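Heads up, the thing below is written out as structure tokens.
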Amino acid sequence: MTNQSTVTELVLQDVSVSFPIYHGGSRSLKKSLMFRGSGGHLATDANHRITVEALRNISMNIQAGDRVALIGSNGAGKTTLLRVMAGIYEPVSGTVTSRGRISPMFDIGLGIDQEISGYENIRLRGLILGLRPDEIEERMQDIIDFTELGDYLDIPVRTYSSGMMTRLTFAVATCFAPEILLMDEWIMAGDAGFISKAEHRIQRFVEKASIMVLASHSQAICRRFCNRGIWMETGQVRAIGPIDEILDQYAAHTGQ
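Numbering (the numbering used here), first residue to last: 922 to 1177.
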């Protein structure tokens, strides 16, 4: 994957991803049947191993201003495609070219250390997100105010409730302006009293992004926030086009 400081874009050319199934015998057969049920396409590689072809010959060109919804059933390849875009999975063939800093929002709790304080975790998570130490300090007060955790930020996060942990991780994950934002389902965070505040923040976060790619089962969210749709089916692109057109095609196909 290449990254150049020019106009923001994300381009995939004939990208394929496959995963080998290593276990032999009956367990291999069982795994094969499981993957078949999940939507993956079974094949064999040059070493005669069974593989799951998770993505096949994916090509797309996503430009600045695009808000793209990945649409399809479970097992269609949406999450795998996001992980390829993020550089987590490497294609077995094809190329992925990105221009602009990529911000994957798959696991907003990534990098949290249970034994250190909230303040220390803010700095640690910020570094994982690619922020410089001075950028983290510039955003520190905003994060503190948003979490409403006060003195709890001085103590180890292993003492936090799940709601407190969500406030902390969510505040850090949305404290900067992303260039290429990749999301697997819409982020919703915290208890009832926190949801409206979080909803407003994530909307502003999305608006700051030059490009967004969102995998979601919510047609309402896709219609509201996206201008393009990509319909995925068994690891391939079934259709690309304006969001309303693609959602209507998908609904007609699935009877939803």
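C-beta atoms are modelled at their ideal positions from N, C-alpha and C, and glycine is treated no differently.
These numbers come from a predicted model, not from an experiment.
### Message
For chain B, check one thing: does any of its Cβ atoms lie closer than 8 Å to the Cβ of His1174?
### Response
No chain B is present in this structure, which holds just one protein chain.
### Message
By the DSSP assignment, the alpha helix (DSSP H) with Ile1049 in it spans what residues?
### Response
Gly1039 to Ile1049 is the span of the alpha helix (DSSP H), which, as asked, contains Ile1049.
### Task
State the Cα-Cα distance for the pair Met1086 and Ser1038, rounded to the nearest angstrom.
Cα to Cα, Met1086 sits roughly 11 Å from Ser1038.
### Query
If we call anything under 8 Å between Cβ atoms a contact, is Gly996 one with Arg1022?
Taking 8 Å as the Cβ cut-off, Gly996 and Arg1022 do not qualify as a contacting pair.
#### Entry: Gly1156: first and last residue of the uninterrupted alpha helix (DSSP H) it sits in
Boundaries cannot be given for Gly1156, as no alpha helix (DSSP H) includes it and DSSP labels it neither H nor E.
### Task
Could you tell me which of Thr972, Ala985, Asp1055 and Pro941 sits nearest to Pro1099, measuring between CA atoms?
Residue Ala985 is the option with its Cα nearest to Pro1099.
#### Entry: Glu1128 (DSSP reduced to helix, strand or coil)
Correct three-state label for Glu1128: helix.
### Query
What's the gap between the Cα of Leu1003 and the Cα of Tyr1081?
In this structure, the CA atom of Leu1003 is about 31 Å from the CA atom of Tyr1081.
### Task
In the DSSP assignment, find the alpha helix (DSSP H) that holds Phe1067 and state where it starts and stops.
Annotation: the continuous alpha helix (DSSP H) that includes Phe1067 extends over Pro1054 to Thr1068.
### Query
Do Gln1157 and Asn978 have their C-beta atoms within less than 8 Å of each other?
Yes, they are a contact pair.
### Query
Which residue or residues does DSSP assign as beta-bridge partners of Ser1083?
Note: Ser1083 sits in no beta bridge, so no partner.
### Query
Just how far apart, CA to CA, sit His1121 and Ser1014?
Going by C-alpha positions, His1121 is about 40 Å away from Ser1014.
### Query
beta strand (DSSP E) containing Ile1101: first to last residue?
Ile1101: member of the beta strand (DSSP E) spanning Ile1101 to Asp1105, first to last residue.
### Query
CB Val989 to CB Leu933, shorter than 8 Å?
Going by C-beta atoms, Val989 is not nearer than 8 Å to Leu933.
### Message
Using CA atoms only, rank isn't needed, just tell me which of Ser994, Asp987, Thr1001 and Leu991 is closest to Glu974.
### Response
Nearest C-alpha to Glu974 among Ser994, Asp987, Thr1001 and Leu991: Thr1001.
### Task
Taking only runs that begin and end inside the region 967 to 1039, name each unbroken alpha helix (DSSP H) of 4 or more residues, in chain order.
Listed in chain order, they are 999 to 1007.
### Query
Going by DSSP, which residues form a beta bridge with Ile1142?
Assignment of beta-bridge partners to Ile1142 by DSSP yields no partner.
#### Entry: CB of Trp1152 within 8 Å of CB of Arg1159, strictly
With contacts defined as CB atoms closer than 8 Å, Trp1152 and Arg1159 qualify as a contacting pair.
#### Entry: Euclidean distance between Cα positions of Glu1041 and Ala1094
Across the structure, Glu1041 and Ala1094 are spaced so that their CA atoms are roughly 15 Å apart.
### Query
Using a Cβ-Cβ cut-off of 6 Å (strictly less than) and excluding sequence neighbours within five positions of Lys1129, which residues of its own chain qualify?
Excluding residues within five positions, the ones whose Cβ falls inside 6 Å are Ala1098.
### Query
DSSP state of Ala1098, grouped into three classes?
Here Ala1098 sits in coil by DSSP.
### Message
Please state whether the Cβ-Cβ distance between Phe1150 and Ile1167 is less than 8 Å.
### Response
It is worth fixing the name first, because residue 1150 is Gly in this sequence and not Phe. The answer is yes: Cβ separation under 8 Å.
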